[in-house]
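First to last, the protein sequences are chains P and B.
Heads up: the first sequence runs through residues 78 to 452, numbered per the numbering used here.
Heads up: the second sequence runs through residues 15 to 466, numbered per the numbering used here.
We put the beta carbon where it would ideally sit given N, CA and C, even for glycine.
Comments concern the structure below.
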Amino acid sequence: MTAFEVMQKHYRQRDIAAREWKKKGGKVVGYFCDSVPEELILAAGFFPLRITGQAGGSTKVIDKYLEPFYEDFVRTGLNMLLTGEYSFVDYLIIPRTKDSIVQQYSHLSQIQSLDSSTKLPTMYLYEFLHTRSYASEFYNRDRMLDLKKKLEEWSGKKITNRSLSKAIATTNENKMLLKKVVDLRASDPPRISGVEALQIIGSSMFMLKADHNKLLREYLDGADKFSARAGARIFVEASPLDTLQFYEIIESCQATVVSEDHCWGNRYAEVPIDTSLDPMGAIIKRYYLKSPCPYVYQVGVRSSYCLQKVLESKAKGVVFNIFDWDPSQIWDYPEQKKVLEAKGIPTLRFIEQRHLIPDISPIKASIENFIATIK
Amino acid sequence: MVGYAVTRGAVQGSIKRLKSSTAVTAFQKEYFLLAKDRVSQGEPFVYTGVMTPHELFEAMEIPFVVNMWWAAINVAKRLTGPRLEQAAKAMAERGKSMFGPDYDQLGRCAHCAMGSTGGFAQLIDQDPEQAAYGGLPELTAIVESGEGGACPGAEKLSAIDFKEYLRRGRKAPPVFRLEESAIPPFFPRYENWWENIMDHWDEIIEPHRLDYRVDELKALIRFLEAVTGKTFNQDKLIEVMELVNEHNIYWKKARDLIAETVPCPADVVDQLAQYSAQWHRGTKEGRDLAKMFYDEVKEKVENKEAAYPGEKLRLQWLKGGNFGNTAFYQYFAEKYGAVFVATIYISIAADGYPRTLYKDPLRALAGRHLFLGLYHGPGWDLKEAIHNKIDGAVMFEQAACQRVSHSGHQMYKQAYEKAGIPLCVISPTWDAEKQQAEISKFIETRLLPKRK
């Protein structure tokens, strides 16, 4: 198999690397979102695995406990936790990001108390504030130190500066290599499709970083042979898109998704950790100041970031894909649209979207029309 | 906390049996007009949210108005009869026309849309004819809570409101935003927090949250001193906090009497009417209103006067109250002797709000606001159900908002049925007749047969 094919396999079968790790006697720490410092998990000797839902997956068990007004990917992810599909995960870190994520700490606890046969990983609520201020920086630093202590408790050993430095070196290398993928996507013409890129970036969160780095190096060795892609250059502004369907629709319309703003895309790989600082301080700083997630930052910061990324990628149009029951992304949209259109960048919006789009034809037709206007 | 689960009334005119219920409404209006008068004589004025520490405004004698109350009053003003569905649609449309057609999320985020287009819209427009009581006076400051900790939608809506406010050329008052360091679901250290929160809040709530909140309160005090010219006095805050405790302890005593007396002396209609007094906690008037309520309930118990002498069943209303049509509750008492005796509003304050000060009123204030007993699952509600000798409970199907509806009807249904208490989940429509039919069926098929 080629390096890309291996990454693709891990993107599609998200548990195989973690299960292999378990077979060898290791332990797995699952986490939601990209706000949890993987470096700490790695330094503690665990396998960090980002928890996802399953597009079109069952919600039969979680439907007994949870109302429909949570995003599909949250509901199917919880269902997978409750039905044992994540039974190989030993610990689960739930960060205080959006409401639909952080509330699951309480919901899962309540489900356990209602049904004592429910087996779940040991959970930890990783709490932090959402603003950038002098006071919140210190608060967040202390919460990350608490997380470090919890990981040490789980592992039974101290996380040393040496192990932190080693983890940072690995994740920084991953970001550096992914940056090359970003650049190849944004090149003129693009050399990597959005569909491929999502699999390359996403697989990083389902494998050990060191293994992913090896694959990336091998993949990028052949970069000079990557074919040029024709078609319209599109930027996607979206709710967390951990599936390929939407990009496949766009790229079937003679277009390439050259960049995006969501946590399964380029944004994941931004802002490497500053190795001139002490390791723990550097990790704290990176996660405090990383690229703005919609659940964390004010509208103005988000619009500026969106515009910056669109201009960097030389995209000619922006397509919004906002999940049903995503209250944060929807409120970013009007301001983002305004700043983009002020720069002459046309936009197309899809809201109240499902994780798995049941009927792609109307969406494809809209995208085709949109692309025809920007070519 | 305010509920916006409202229905168009099929039964008009609820009956309030207590003088204190009318007194609270009258006082609220009187307070606002007095506040306007004070402002006209040069006093400052603060526009603030539900979850901010009003105790500081009271301690510094700064008149203020709460956004949700202001929104509710302005909504009511537009109505001739309880046509709240029309009002919500009108407000959503108004929001779109105010902010542009791209803000169509306002229709779904109804809870916050009310606070925005109902309350803040009036601030933005400043049209005295559209506003209750001739509108708000000039603002000295806006104090909000939840920067980064509120529902992301609500937080962004707040920023959008303010941008629009500035864009319309309104004079920008300084804004202070408190950031929540403990958002729902705050996970209490003690499962039965209500047994210990008053005296052991500093053990239940993690110290780092308290530390952060105390820092924020100090910053807020400095801000208020700077913008109002007033000076904070800790002794006054102690007085305010003690009055808050007295106020809520009266409510606790009243709630306990209601819970333990069969038939109940005061139904939820009178209990809901008390809620506005919460905006005056920390004042002698607020305390006296709570005492008045308690004294009336006690008198009724002593005189064996029931709200409904024909009480056959006792019902609990869960989560957001039906403030728009309280007559709705009394329909079932009239028809079946099924009396709504329990609601969250008085009780959560009774159990969740008082704090022993331990000579540190600022830390106690932080401890109070960081944990109000809200959104923590069905445990406390079940405790209330048992205490109030409930035969059945009713709640709206939680339909719209992750923040407000956290631990919604599904979880409650599981917990209540497991405890042997039937729970009726009714449709979140505007049609009171439909909802009455649903609850009637519940009473007829699940509660009355059990009673026999």
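**For P/Asp436, the three-state DSSP class (helix, strand or coil)** = coil
**Where B/Glu161 falls, given that 16 or more other Cβ within 10 Å makes a residue buried** = Per-residue confidence for B/Glu161 stands at a pLDDT of 46, beneath the threshold of 50, marking its modelled position as unreliable; the derived number appears in the next sentence. B/Glu161 is buried by the Cβ-count criterion.
**Request:** Please look up how many angstroms separate the CB atoms of B/Leu386 and B/Ile362, rounded, as I've assumed it's under 8 Å.
**Result:** 7 Å
**Residue-level contact to chain P via CB, B/Glu452, 9 Å cutoff** = no
**Request:** Return the Cβ separation of B/Gly366 and B/Leu327 in integer angstroms, given the expectation that the two are a contact with Cβ distance under 8 Å.
**Result:** Not confirmed; about 27 Å, so no contact.
**Message:** Using 8 Å for Cβ pairs, my map puts B/Leu332 next to B/Asp395. What's the rounded Cβ distance?
**Reply:** 6 Å
**Request:** Determine whether the Cβ of B/His351 lies closer than 9 Å to any Cβ atom of chain P.
**Result:** According to the sequence as given, residue 351 of chain B is Gly; it is not His. Not one chain P Cβ lies under 9 Å of B/Gly351.
**Prompt:** Does the pairing of the stretch 351–359 of chain P with the stretch 327–334 of chain P give three or more beta-carbon distances under 8 Å?
**Reply:** no
**Message:** Bridge partners for B/Cys438 per DSSP, in chain order?
**Reply:** B/Val408
**Asked** Leaving out the 5 sequence neighbours to the left and right, which residues in its chain are closer than 8 Å to B/Leu376 when beta-carbon positions are compared?
**Response** Val228, Leu231, Lys232, Gln248 and Leu251
**Request:** For the beta strand (DSSP E) holding P/Tyr201, just list the boundary residues, first then last.
**Result:** Thr199 to Tyr203
**Beta-carbon proximity check, P/Tyr427 vs P/Val395, cutoff 9 Å** = The identity of residue 427 of chain P in the sequence shown is Phe, whereas the question assumes Tyr. Going by C-beta atoms, P/Phe427 is not nearer than 9 Å to P/Val395.
**Asked** B/His68 versus chain P: which residues are under 9 Å apart at the beta carbon?
**Response** By Cβ distance, chain P contributes nothing, its closest Cβ being about 22 Å from B/His68, past 9 Å.
**Prompt:** According to DSSP, which residues form a beta bridge with P/Gly107?
**Reply:** P/Leu126 and P/Leu169
**Request:** Excluding the 5 residues preceding and the 5 following B/Phe78 in the sequence, name in chain order all residues of the same chain whose CB lies nearer than 6 Å to its CB.
**Result:** Val60, Thr62 and Phe71
**Prompt:** Got a sec: which bits of the stretch 221–239 of chain B sit with their beta carbon under 7 Å from any beta carbon on chain P, in order along the chain?
**Reply:** His222, Tyr226 and Asp229
**Within chain D, the residues that B/Ala341 reaches when beta carbons sit closer than 8 Å** = Reference to chain D is not applicable here, since the protein chains of this structure are P and B.
**Asked** The alpha helix (DSSP H) spanning B/Arg465 covers which residue range?
**Response** Leu462 to Arg465
**Message:** Just to confirm my understanding: we take P/Leu321, look at its own chain, exclude 5 residues before and 5 after, and list those with CB closer than 8 Å. What are they?
**Reply:** Val272, Leu275 and Gln276
**Asked** Would you call the CB atoms of P/Ser281 and P/Tyr345 closer than 9 Å?
**Response** yes
**Prompt:** Roughly how many angstroms separate the alpha carbons of B/Val16 and B/Gln412, rounded to a whole number?
**Reply:** Interpretation of B/Val16 is limited by its pLDDT of 31, a score under 50 that renders its predicted location unreliable; the figure taken from the coordinates is listed afterwards. Those two C-alpha atoms are separated by around 15 Å.
**Asked** Would a check of beta-carbon distances place P/Ala419 closer than 9 Å to chain B?
**Response** no
**Message:** Between the alpha carbons of P/Arg91 and P/Pro114, how many angstroms are there, rounded?
**Reply:** 19 Å
**Prompt:** What residue does the alpha helix (DSSP H) around B/Arg295 start on, and which one ends it?
**Reply:** Premise fails: B/Arg295 is in no alpha helix (DSSP H) and is neither H nor E.
**Request:** Could you tell me whether the Cβ atoms of B/Ala364 and B/Lys266 are closer together than 9 Å?
**Result:** yes
**Item:** Beta-carbon proximity of B/Thr242 to B/Pro436, cut-off 9 Å
**Value:** no
**Asked** Can you tell me whether P/Gly279 is buried or exposed, with buried defined as 16 or more other CB within 10 angstroms of its CB?
**Response** buried
**Asked** When the Cα of B/Gly149 is compared with those of B/Glu220, B/Glu193, B/Leu47 and B/Leu180, which residue comes out closest?
**Response** B/Leu47
**Prompt:** Using a C-beta to C-beta distance shorter than 7 Å, which residues of chain B count as neighbours of P/Tyr142?
**Reply:** Gln424, Met425 and Gln428
**Asked** Should P/Arg431 and P/Asp111 be called a contact, given that it needs their Cβ atoms to be closer than 9 Å?
**Response** no
**Item:** Contact list for the stretch 206–226 of chain P against chain B, Cβ threshold 7 Å
**Value:** Leu206, His207, Thr208, Ala212, Ser213, Tyr216 and Asp219
**Prompt:** When the distance is taken between beta carbons, is B/Pro277 closer than 9 Å to B/Glu217?
**Reply:** no
**Prompt:** Between the Cα of P/Leu185 and the Cα atoms of P/Leu206, P/Ile93 and P/Asp140, which residue gives the shortest distance?
**Reply:** P/Asp140
**Alpha-carbon to alpha-carbon, P/Val376 and P/Gln406** = 10 Å
**Request:** Spatial neighbours of P/Tyr142 within its chain, please: CB distance less than 7 Å, with the 5 preceding and 5 following residues excluded, ordered by chain position.
**Result:** His184 and Ile188
**Prompt:** Is there contact here, the stretch 92–100 of chain P with the stretch 282–291 of chain P, by at least three beta-carbon pairs under 8 Å?
**Reply:** yes
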